[in-house]
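Asks: Dropping the structure in here first, questions after.
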Amino acid sequence: MRIDKPLLQVKNLKKYFQTPGGMLHAVDDVSFDLLPGSTLGVVGESGCGKSTMGRAILRLQEPTSGTVLFDGTDVTACSKRELKALREQMQIIFQDPFASIDPRMTVSQTIMEPLIIQHKMDRRDKKGLERKALEIMELVGLAPRLVNSYPHELDGGRRQRIGIGRALVLRPRFIVCDEPVSALDVSIQAQILNLMQDVQKQMGLTYLFITHDLSVVKHFSDEILVMYLGQMVEKCESKRLFAQPMHPYTQALLSAIPVPDPRVRMQKIPLKGELSSPIEPPVGCRFAKRCPYATSACTQKAVLPREIEPGHFVACVRAGEL
Amino acid sequence: MDTILEVKDLVIHYETDDGRVYALNGLDLDLREGETLGLVGETGAGKTTLARGIMGLVPDPPGRIKGGEILYRGTDLLRCSNAEMRHVRGKKIAMIFQDPMTSLNPVTNVGVQIAEAISNHEHLSHRDALVKAREMLEQVGIPAGRAEEYPHQFSGGMKQRVVIAIALACNPDILIADEPTTALDVTIQAQVLDMLRELREKYSMSMLLITHDLGVVAQTCDRVAVIYGGEIVESADVFSLFERHLHPYTQGLLNSIPKLNEDVDRLQPIEGMMPDPTHLPEGCKFCTRCSYATERCRTSHPVMREVASGHSVRCFRYEQEERHEDR
């Protein structure tokens, strides 16, 4: 067995927001380790806190409490200057390729901006910048003729390639990918996923891959973390999660995916109601109200993830017996 | 099964400053009584233009209906006057849109919005329309007590249920659902699709389900039509399509989605991207992305050929397989 030191260690990460209705628990006590070169998929429904978690790890939003260790450095304790230096190694790809790039900057300007911000290259070195831009554009599959194009001239797939290029230009070690293919058509989605896999191999990248698309996450991730209302409910190796989901929420979630084969009739586990409010959530299991197996024990005290089998964490009092 | 809606050789273009957008180019489609027909395609294929065309809602300008027929129980909707179309829309053919957030009025409570649809078509007092609106809410699984609430008080899935209640309020024959669950989470999507299926049976409607999700198609539809570059490239019943997908584009679509029951190291995307709708290729619309394309595909335009019972494809590769009923 490989014994690698984790590249990223998240411990008891919390992010709360003050709202008129009380404290909103967007991310509530999430802990996990991420090995270098691997991909952790984060899945959950809208509002479960998966994007907030990704942002809190990079300190794009200040965590309320908890620690994030990146290669041993405590990101949460960094000064602004230290954080800027660290950002060279930690990047993000955003969901919406229409909103996340500046419409008034050309392709090369967008891709090169991080280098200028990090003082890796001089703004006046036009030749050098263009050469570097073309190098990255080739890496992400953008034709050289687009070097001076503006985003409005490009379709969603190409824009997302710009977003990926911008994240790669500093040669980071870790990238948070926040729904990078959700806004794209299926045929383009496959192109982008392949591209991301290729650059991961080439550059030895570590990904935190946030998505709501369960088929994509299975294809793409080594491990999967399932979130529900700000908490981690299950985490294990990707294939095992799909073969043997243990948390009732994961089971219901997986059973709801429409199978692209008409001969397979889905055995759906119906869920009552919808996501409840993350504002001042009750103690105990947050899924209990919708859970078909809930007992009185579920709502009495906080349910923490337990390691049911090696590497398989489940936050359910009845895990293992179901 | 009888055909309830037949679209014949429909051509719709948009005249824009950047040139003419060839949105639909001779599209043929038939919807049979009581079935759910899935229309599958990607952004820019012409799915929404078709839905708008059927509803008589193509914005003009820039939209121009250049030709074709849309026959609803034998009547050509394209020849109907505006007044006649108002009796069709909502009453005979209803539509639900992709984004429930923008299709409801934010400053009117949902009960009144449903009642408005009812009073447009039925001679009911305001009070009776409101009573019926509350019944419709119950039908879509929302307690009638919430009729006085406003759209912002509902979640995305609940809003889409309200939109469905409005669409079904006048008991239409045909429901056109344009990506009804794309904006919803997977567990909510499952709830909404199940509900649509039940209501379709209960009200014995026919449904045209527009989607890009092949999983939704496989689980919900009876027949499928695949649209590319403003024309149908393959159509079949759902079982034969998933068993034997013939058109290179359909094959490409199915290969590019990650499947839960199979493990692949690498996805096989369709190379290239959708052709520019102002400059569509001359021959087969897919020839620029097709790995089988020959010189002939670039110059001449293939026709739909029926290669097995009810299974038609627009591709020269299947010329030899064409079925001849009279042989």
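Here the protein sequences come in this chain order: A and B.
Read in our numbering, the first sequence has 275 at position 275, and its numbers run on one by one without any break.
Read in our numbering, the second sequence has 140 at position 140, and its numbers run on one by one without any break.
From the three backbone atoms N, C-alpha and C, an ideal C-beta is built for every residue, glycine too.
Since the structure is predicted, the reported quantities are computational estimates derived from the model, not experimental observations.
#1: In chain order, which alpha helix (DSSP H) runs of at least 4 residues are fully inside the segment 132-187 of chain A?
#2: Can you tell me the Cα-Cα spacing of D71(A) and L31(B), whole angstroms?
#3: DSSP on V186(B), reduced to helix/strand/coil?
#4: May I ask you to list the residues that DSSP assigns as paired with I232(B)?
#5: Let me check understanding here. Comparing Cα to Cα, which of S309(B), V192(B), H247(B), E262(B) lies closest to C287(B)?
#6: Let me see if you follow: with CB-CB separation under 8 Å, is R146(B) close to chain A or not?
#7: Is A243(A) close to chain B, meaning its C-beta is less than 8 Å from at least one C-beta of that chain?
#8: Taking contact to mean 3 or more Cβ pairs, one atom from each stretch, closer than 8 Å, check whether the segment 158-170 of chain B and the segment 101-109 of chain B are in contact.
#9: What residues in its chain sit with their C-beta under 7 Å from that of K268(A), if we drop five residues either side in the sequence?
#10: Following the continuous beta strand (DSSP E) through M95(B), name the residue where it begins and the one where it ends.
#11: Taking the alpha-carbon positions, what's the A51(B) to N194(A) distance?
#12: For E148(B), does the three-state DSSP call read helix, strand or coil?
#13: Determine the DSSP secondary structure at M203(A), reduced to helix, strand or coil.
#14: Quick one: Cα of V226(A) to Cα of R223(B), how far?
#15: Do you know how far the Cα of R55(A) is from the Cα of I270(B)?
#16: State the CB to CB distance for the pair S312(B) and E234(B), rounded to an integer number of angstroms; the pair is presumed to be in contact (CB under 8 Å).
#17: Using a threshold of 8 Å, state whether the C-beta atoms of L24(B) and V40(B) are closer than that.
#18: Keeping to the same chain, check which residues put their C-beta closer than 8 Å to that of A302(A); ignore five residues upstream and five downstream.
#19: Between V68(A), M266(A), N148(A), L168(A), which has its C-alpha nearest L34(A)'s C-alpha?
#20: Which bits of chain B does D185(A) rub up against, with CB to CB less than 7 Å?
#21: Could you tell me which chain B residues have their CB closer than 8 Å to the CB of E407(A), listed as they occur along the chain?
#22: Closest to V88(B) by CA distance: which of M55(B), G63(B), P62(B), P258(B) is it?
#23: With DSSP run on the structure shown, which of helix, strand or coil describes M1(A)?
#24: At which residue ranges does the segment 74-124 of chain B contain complete beta strand (DSSP E) runs of 3 or more residues, listed in the order of the chain?
#25: Say whether chain B places a C-beta atom closer than 8 Å to the C-beta of P20(A).
#26: Taking the beta strand (DSSP E) that S46(A) falls in, what are its first and last residues?
#27: Could you work out which residues of chain A lie near L29(B), taking near to mean beta carbons separated by less than 7 Å?
#28: Could you tell me whether the Cβ of V42(A) comes closer than 8 Å to any Cβ of chain B?
#29: Since E113(A) meets chain B, which of its residues come closer than 9 Å, beta carbon to beta carbon?
#30: For S300(B), count neighbouring Cβ atoms within 10 angstroms of its own Cβ and tell me buried if that reaches 16, exposed if not.
#31: Which of helix, strand or coil does DSSP assign to N255(B)?
#32: Beta carbon of G26(B), beta carbon of M274(B): below 8 Å?
#33: Roughly how many angstroms separate the alpha carbons of E88(A) and P277(B), rounded to a whole number?
#34: How is C298(A) classed by DSSP in three states: helix, strand or coil?
#35: Who pairs with R317(B) in a beta bridge, going by DSSP?
#36: Within 8 Å (strictly less), CB to CB, does P151(A) reach chain B?
Replies: Let me lay it out:
#1: If we require 4 residues or more, the alpha helix (DSSP H) runs fully inside the segment 132-187 of chain A come out as 156-168.
#2: Against the first sequence, residue 71(A) aligns to sequence position 71. Against the second sequence, residue 31(B) aligns to sequence position 31. About 59 Å.
#3: Taking the second sequence and counting its residues from 1, the one referred to as residue 186(B) is at position 186. Helix.
#4: Residue numbering aside, residue 232(B) sits at position 232 when the second sequence is read from its first letter. I232(B) is bridged to I227(B).
#5: Locating residue 287(B) in the second sequence gives position 287, counting from the first residue. If we check each option's Cα against that of C287(B), H247(B) comes out closest.
#6: Taking the first residue of the second sequence as position 1, residue 146(B) is located at position 146. Answer no: the Cβ-Cβ gap between R146(B) and chain A never drops below 8 Å.
#7: Position 243 of the first sequence holds residue 243(A). Taking CB atoms only, A243(A) has no neighbour in chain B less than 8 Å away.
#8: Flag = yes, the segment 158-170 of chain B and the segment 101-109 of chain B touch.
#9: Taking the first residue of the first sequence as 1, we reach residue 268(A) at position 268. Result list for K268(A): S255, A256, in chain order.
#10: Translated into the one-based positions of the second sequence, residue 95(B) becomes position 95. Here the beta strand (DSSP E) through M95(B) covers 93-96.
#11: Within the second sequence, the letter at position 51 stands for residue 51(B). Within the first sequence, the letter at position 194 stands for residue 194(A). If you draw a straight line from the Cα of A51(B) to the Cα of N194(A), it is about 33 Å long.
#12: Here the question's residue 148(B) lines up with position 148 in the second sequence. In the structure shown, E148(B) sits in a helix (DSSP, three-state: H, G or I).
#13: Mapped onto the first sequence, residue 203(A) falls at position 203. If DSSP states are grouped into helix, strand and coil, M203(A) belongs with the helices.
#14: The residue given as residue 226(A) occupies position 226 in the first sequence. The residue given as residue 223(B) occupies position 223 in the second sequence. In a straight line, the C-alpha of V226(A) is about 35 Å away from that of R223(B).
#15: One-based indexing of the second sequence puts residue 270(B) at position 270. One-based indexing of the first sequence puts residue 55(A) at position 55. When only Cα atoms are considered, I270(B) and R55(A) end up about 33 Å apart.
#16: Along the second sequence, one-based indexing puts residue 312(B) at 312. Along the second sequence, one-based indexing puts residue 234(B) at 234. Sure, about 7 Å apart at Cβ, within 8 Å.
#17: For the purposes of this step, residue 24(B) is taken as residue 24 along the second sequence, with counting starting at 1. For the purposes of this step, residue 40(B) is taken as residue 40 along the second sequence, with counting starting at 1. No; because the gap between Cβ atoms is not below 8 Å, this pair is not in contact.
#18: Walking along the first sequence from the start, residue 302(A) turns up at place 302. Only V283, G284 meet the Cβ criterion.
#19: Taking the first sequence and counting its residues from 1, one reaches residue 34(A) at position 34. Nearest of V68(A), M266(A), N148(A), L168(A) to L34(A), Cα basis: V68(A).
#20: Working through the first sequence from its first residue, we reach residue 185(A) at position 185. By Cβ distance, chain B contributes E42, T43, H212.
#21: The structure shown does not extend to residue 407(A), since chain A is modelled only from 1 to 322, so the question has no answer here.
#22: For the purposes of this step, residue 88(B) is taken as residue 88 along the second sequence, with counting starting at 1. The shortest Cα separation from V88(B) among M55(B), G63(B), P62(B), P258(B) belongs to M55(B).
#23: The sequence position of residue 1(A) within the first sequence is 1, counting from 1. Here M1(A) scores only 46 on pLDDT, less than 50, and its place in the model is too uncertain to base an answer on.
#24: With a minimum length of 3 residues, the continuous beta strand (DSSP E) runs that stay inside the segment 74-124 of chain B are 93-96.
#25: As a first step, residue 20(A) must be located in the first sequence, where it is residue number 20. Judged by the 8 Å Cβ criterion, P20(A) is not in contact with chain B.
#26: Against the first sequence, residue 46(A) aligns to sequence position 46. For S46(A), there is no enclosing beta strand (DSSP E), as DSSP marks it with neither H nor E.
#27: As a position in the second sequence, residue 29(B) is number 29, starting the count at 1. Those do not exist, as L29(B) stays about 20 Å from chain A at its closest Cβ, beyond 7 Å.
#28: Taking the first sequence and counting its residues from 1, one reaches residue 42(A) at position 42. Chain B, which has no Cβ nearer than 8 Å to the Cβ of V42(A), makes this no.
#29: Within the first sequence, the letter at position 113 stands for residue 113(A). Those do not exist, as E113(A) stays about 26 Å from chain B at its closest Cβ, beyond 9 Å.
#30: Mapped onto the second sequence, residue 300(B) falls at position 300. Exposed: under 16 other Cβ atoms inside 10 Å.
#31: For the purposes of this step, residue 255(B) is taken as residue 255 along the second sequence, with counting starting at 1. The answer is helix: DSSP assigns N255(B) an H, G or I state.
#32: Sequence index remark: in the second sequence, residue 26(B) carries index 26 (1-based). Sequence index remark: in the second sequence, residue 274(B) carries index 274 (1-based). Cβ atoms of G26(B) and M274(B): not closer than 8 Å.
#33: As a position in the first sequence, residue 88(A) is number 88, starting the count at 1. As a position in the second sequence, residue 277(B) is number 277, starting the count at 1. Each residue's Cα considered, the two are about 41 Å apart.
#34: Counting from 1 along the first sequence, the entry for residue 298(A) is found at position 298. Residue state, collapsed to three classes: helix.
#35: Taking the first residue of the second sequence as 1, we reach residue 317(B) at position 317. DSSP output for R317(B) lists no bridge partner at all.
#36: As a first step, residue 151(A) must be located in the first sequence, where it is residue number 151. The C-beta of P151(A) comes no closer than 8 Å to any C-beta of chain B.
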